Amino acid sequence: MNKDTQLDLWEVFVQSKSGLPHIHAGSVHASDIKMALQNARDTYTRRGEGTSIWVVPSRSIGATNPDDNDMLFDPSNDKVYRHPTFYVMPEGAKNI
Amino acid sequence: MVSLVRIYDNCHCDSVEFNRNLIKDQTLKPFYMHNEHNDQHFQKRIDEGEHIEPRDYMPEGYRKNLIRQISQHAHSEVIGMQPEGNWITRAPSLRAKQILLAKIQDEGGHGLYLYSAAETLGISREEMIEQLHTGKAKYSNIFNYPALTWADIGAIGWLVDGAAIVNQVSLQRTSFGPYSRAMIRICKEESFHQRQGYEIMTKMMSGTKEQKAMAQDAMNRWWWPSLMMFGPHDFDSPHSGDAVKWRIKRESNDTLRQKFIDKTVQQAELIGLKMPDKDLKFNEATGHYDHGPINWEEFQRVIKGNGPCNKQRMEHHVKFHNEGAWVREAAEAYKRKKANKTELVIV
Amino acid sequence: MKTNENLFTYCLRLADDSLILGHRLSEMCSKAPVIEEDLALTNIALDHIGRAQAILKYAGEIEGKGRTEDDIAYRREEREYQNHLITEQQNGDFAHVIARQLYVSLFESLLYTELEKSADKTIAAIASKTLKEIKYHLIHASDWTIRLGDGTEESHLRMQKALDDLWMYTGELFEMDDIDLAIAKDGIGVDLTPMKIQWEQRLEDILAEATLKMPSALYMQTGSRSGMHTENLGHILSEMQYLQRTYPDAKW
Numbered sequence: 133m134n135k136d137t138q139l140d141l142w143e144v145f146v147q148s149k150s151g152l153p154h155i156h157a158g159s160v161h162a163s164d165i166k167m168a169l170q171n172a173r174d175t176y177t178r179r180g181e182g183t184s185i186w187v188v189p190s191r192s193i194g195a196t197n198p199d200d201n202d203m204l205f206d207p208s209n210d211k212v213y214r215h216p217t218f219y220v221m222p223e224g225a226k227n228i
Numbered sequence: 002m003v004s005l006v007r008i009y010d011n012c013h014c015d016s017v018e019f020n021r022n023l024i025k026d027q028t029l030k031p032f033y034m035h036n037e038h039n040d041q042h043f044q045k046r047i048d049e050g051e052h053i054e055p056r057d058y059m060p061e062g063y064r065k066n067l068i069r070q071i072s073q074h075a076h077s078e079v080i081g082m083q084p085e086g087n088w089i090t091r092a093p094s095l096r097a098k099q100i101l102l103a104k105i106q107d108e109g110g111h112g113l114y115l116y117s118a119a120e121t122l123g124i125s126r127e128e129m130i131e132q133l134h135t136g137k138a139k140y141s142n143i144f145n146y147p148a149l150t151w152a153d154i155g156a157i158g159w160l161v162d163g164a165a166i167v168n169q170v171s172l173q174r175t176s177f178g179p180y181s182r183a184m185i186r187i188c189k190e191e192s193f194h195q196r197q198g199y200e201i202m203t204k205m206m207s208g209t210k211e212q213k214a215m216a217q218d219a220m221n222r223w224w225w226p227s228l229m230m231f232g233p234h235d236f237d238s239p240h241s242g243d244a245v246k247w248r249i250k251r252e253s254n255d256t257l258r259q260k261f262i263d264k265t266v267q268q269a270e271l272i273g274l275k276m277p278d279k280d281l282k283f284n285e286a287t288g289h290y291d292h293g294p295i296n297w298e299e300f301q302r303v304i305k306g307n308g309p310c311n312k313q314r315m316e317h318h319v320k321f322h323n324e325g326a327w328v329r330e331a332a333e334a335y336k337r338k339k340a341n342k343t344e345l346v347i348v
Numbered sequence: 005m006k007t008n009e010n011l012f013t014y015c016l017r018l019a020d021d022s023l024i025l026g027h028r029l030s031e032m033c034s035k036a037p038v039i040e041e042d043l044a045l046t047n048i049a050l051d052h053i054g055r056a057q058a059i060l061k062y063a064g065e066i067e068g069k070g071r072t073e074d075d076i077a078y079r080r081e082e083r084e085y086q087n088h089l090i091t092e093q094q095n096g097d098f099a100h101v102i103a104r105q106l107y108v109s110l111f112e113s114l115l116y117t118e119l120e121k122s123a124d125k126t127i128a129a130i131a132s133k134t135l136k137e138i139k140y141h142l143i144h145a146s147d148w149t150i151r152l153g154d155g156t157e158e159s160h161l162r163m164q165k166a167l168d169d170l171w172m173y174t175g176e177l178f179e180m181d182d183i184d185l186a187i188a189k190d191g192i193g194v195d196l197t198p199m200k201i202q203w204e205q206r207l208e209d210i211l212a213e214a215t216l217k218m219p220s221a222l223y224m225q226t227g228s229r230s231g232m233h234t235e236n237l238g239h240i241l242s243e244m245q246y247l248q249r250t251y252p253d254a255k256w
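Residue numbers (the working numbering), protein chains in the order written: chain A, 133 to 228; chain B, 2 to 348; chain C, 5 to 256.
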């Protein structure tokens, strides 16, 4: 028996200009990829906001658990040597 | 690190029910425990102006409050397509027709953004639509009024969207991330709507005698219901407390209503429209307009279902939803057939 | 008939199809099976109305009597409209909407591909822009045809019925009268004769994938070239023209 649904949920990512990353715009409902892309285009690029669209079924998105934020993200906060400003350069050094 | 999928899974197989139970049953939730410590931490984040995202800890009251508010906001946008949709086929010029169609399309799109935002909180669009149909969820009262003439299209765009803009600008700073982002997107699109309406009124007020009379008549009928859009007076809104505490609601009803009146009166007077309020008067001391009493009896009557269009709006939505069932079922059936042939389609 | 008059009439034929079809599609607002589809159909309606506006504006210039696109759209009588009969048929259920879109979009994709080479620069430019829109319209219509044809038993039956119901209006799309022939001879219009086979072939492919049967009835409706419409057009015009007729001196 076919259940009456509002179809599946897809997340939409839009690239506004080539060279820029795809940014999450929101979601649409659709039953297949082609419909999802068309719906995403109709919903999120009516004002010429995009040159490329990605759609992903929402259930396929993996996400970090906010409770793990301290484990995942804090350790990178104190590895300041990853930032160029950490280093002291001799005066007069160019192009470095 | 555990990779977890979003908690509202809309895969339409039997696991949907299982997943929904997973969300609702707090003890099975691996994500967080509801306790005072977590509530306090949550409130601290709110007070510090942080955004709450779908997977963050939130008290159950916050989630419920938001689901109700966002879904009702979404329903309003969709129902709002009807009064304006009433005049598409009679739009008096090709330009007007395109503009009106584009505006209504935006309203549908806004409903869509808002349904999306609500779905991040664990409710499905099917459930929201069912709540609308059973009356469990409401929509904005203003759309229970009829669009009687072409001038109504002007009045709706100018006044109703104008009032909505005041509210929506405020909501851009709401605490829940997806709702805030949806509001920012909506606000960008909304300003053309108000200009569309005001342009119609302006053209009519500089037109023929009949056009002027039509515009004034529409003004007379839409002004007071537009004021009611902001809800009861502050002293009559006892339930705002949580919404304000949790920064869902950023400004009070009366504050927003006053903003709307102050900016609109000038626009009306500029094009020669009379304000249908004999008590409307600019107050030098406060710098705001004082206005006459709002007919809250009418507001209550309409919101309880006894307005001019309540029945009609709901019947329309139910009818086309039901008539569309076979189409949705067909899309699902086709999807399954393709999946069984193991293509690049994810089921 | 002078060349200008022929060109004017030809423009009306192109524009009226979009004017009336755009109008029919706009009636679908708030009635689609999912809100996303509401947006999709509205987009297609907007494409058509925009196209009608552009072509009617050009028609007014050719006519040289100072009529604007709105004058021509809103102030003609029933017998003066030149839209193909298929465009004025009632929307019916979603299957009928899609079937009509399929038939018309397929035709337009072939027509406008040729019109892009028109000796008339304005028409060629409009055709160029239009082709981008039509590509999308055709994908939308054929995708839905396939989903509905190969969906449930109910959707299959409805889609087949819709195709069968509207079939008798498709023959007219390929008719050419003296004006069409003259315009084609001038290099401005298109010879529709070879197009029918292409149209049928592409249609067959899509219907095959949709598990639907190609309709085969021989009887075809006709008449729009001489302003003989179905009873639908009068009602469409009653609504469309209402404000302009009631307030003839008003500007909107």
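Even glycine gets a Cβ: it sits at the ideal position worked out from N, Cα and C.
On a predicted model such as this, the values are computed, not experimentally measured, just so you know.
So with Cβ pairs under 8 Å, would you call residue i a contact of chain C?
i: A244 of chain B; result: no
i: Y1 of chain B; result: Not covered by the structure: residue 1 of chain B. The range shown for chain B is 2 to 348.
i: N171 of chain A; result: yes
i: H154 of chain A; result: no
i: W159 of chain B; result: no
At the 8 Å Cβ level, is residue i part of the contact set with chain A, yes or no?
i: N47 of chain C; result: yes
i: S117 of chain B; result: yes
i: D154 of chain C; result: no
i: L113 of chain B; result: yes
i: R248 of chain B; result: no
i: H141 of chain C; result: no
i: A164 of chain B; result: no
i: D147 of chain C; result: yes
With C-beta atoms as the reference, is residue i less than 8 Å away from residue j?
i: M199 of chain C; j: L114 of chain C; result: yes
i: G158 of chain B; j: H194 of chain B; result: yes
i: E82 of chain C; j: L241 of chain C; result: yes
i: Y114 of chain B; j: R126 of chain B; result: no
i: G193 of chain C; j: D184 of chain C; result: yes
i: L43 of chain C; j: G81 of chain B; result: no
i: M34 of chain B; j: S72 of chain B; result: no
i: A219 of chain B; j: P179 of chain B; result: no
i: A156 of chain B; j: E191 of chain B; result: no
i: Q86 of chain C; j: N236 of chain C; result: no
Between the C-alpha atoms of residue i and residue j, what's the straight-line distance to the nearest angstrom?
i: R182 of chain B; j: K250 of chain B; result: 15 Å
i: G175 of chain C; j: T226 of chain C; result: 8 Å
i: V266 of chain B; j: N201 of chain A; result: 50 Å
i: I201 of chain C; j: I155 of chain A; result: 45 Å
i: Q170 of chain A; j: E211 of chain B; result: 44 Å
i: S159 of chain A; j: R173 of chain A; result: 11 Å
i: A146 of chain B; j: P84 of chain B; result: The sequence as given places Tyr at residue 146 of chain B; Ala does not occur at that position. Using only the alpha carbons, I get a separation of about 8 Å.
i: T196 of chain A; j: K342 of chain B; result: 33 Å
i: L207 of chain C; j: R71 of chain C; result: 39 Å
i: W225 of chain B; j: I295 of chain B; result: 7 Å
i: H42 of chain B; j: N168 of chain B; result: 28 Å
i: Q147 of chain A; j: G182 of chain A; result: 5 Å
i: I68 of chain B; j: I185 of chain B; result: 18 Å
i: K255 of chain C; j: G180 of chain A; result: 31 Å
i: Q70 of chain B; j: G123 of chain B; result: 14 Å
i: Q217 of chain B; j: L274 of chain B; result: 6 Å
Are any of the Cβ atoms in chain B nearer than 8 Å to that of residue i?
i: L50 of chain C; result: yes
Subject >> Members of the stretch 25–44 of chain C near chain A, C-beta cut-off 7 Å >> reply: V38, E40, L43 and A44
**OP:** Only counting runs of 4 or more residues, tell me where the alpha helix (DSSP H) segments fall wholly within the stretch 117–205 of chain B, in order along the chain.
**Re:** 126–135, 151–156 and 162–172
Original post:
Quick one, which residues of the stretch 188–214 of chain C are near chain B if we go by CB-CB under 9 Å, in chain order?
Top reply: none
Subject >> Sequence ranges, alpha helix (DSSP H) only - wholly within the stretch 214–246 of chain B, length at least 4 >> reply: 241–246
Subject >> Interfacial residues, the stretch 154–169 of chain C to chain A, with Cβ spacing under 7 Å >> reply: T156
Subject >> Inside the stretch 139–213 of chain C only - beta strand (DSSP E) runs reaching at least 3 residues >> reply: none
Original post:
For the stretch 230–244 of chain C, which residues have a CB atom closer than 9 Å to at least one CB atom of chain A, in sequence order?
Top reply: none
Subject >> Runs of alpha helix (DSSP H) wholly within the stretch 50–91 of chain B (minimum 4 residues, chain order) >> reply: 61–80 and 82–86
**OP:** With 9 Å as the limit, tell me which residues of the stretch 212–227 of chain A have their beta carbon closer than that to any beta carbon of chain C; keep them in chain order.
**Re:** none
**OP:** Can you check the stretch 152–226 of chain A for any beta strand (DSSP E) of at least 3 residues that lies completely inside it and give the ranges in chain order?
**Re:** 155–162 and 184–189
**OP:** Identify every run of the alpha helix (DSSP H) within the stretch 244–272 of chain B, keeping only runs that are complete inside it and at least 4 residues long; order them along the chain.
**Re:** 254–271
Subject >> Continuous beta strand (DSSP E) assignments of at least 3 residues falling wholly in the stretch 86–112 of chain C >> reply: none
**OP:** Pull out every residue of the stretch 311–338 of chain B whose Cβ sits closer than 9 Å to any Cβ of chain C, in chain order.
**Re:** H317, H318, K320, F321, H322, E324, G325, A326, W327, V328, R329, E330, A331, A332, E333, A334, Y335, K336 and K338
Original post:
Between the stretch 50–70 of chain B and chain A, which residues of the former have a C-beta closer than 8 Å to a C-beta of the latter?
Top reply: E54, R56, D57 and Y58
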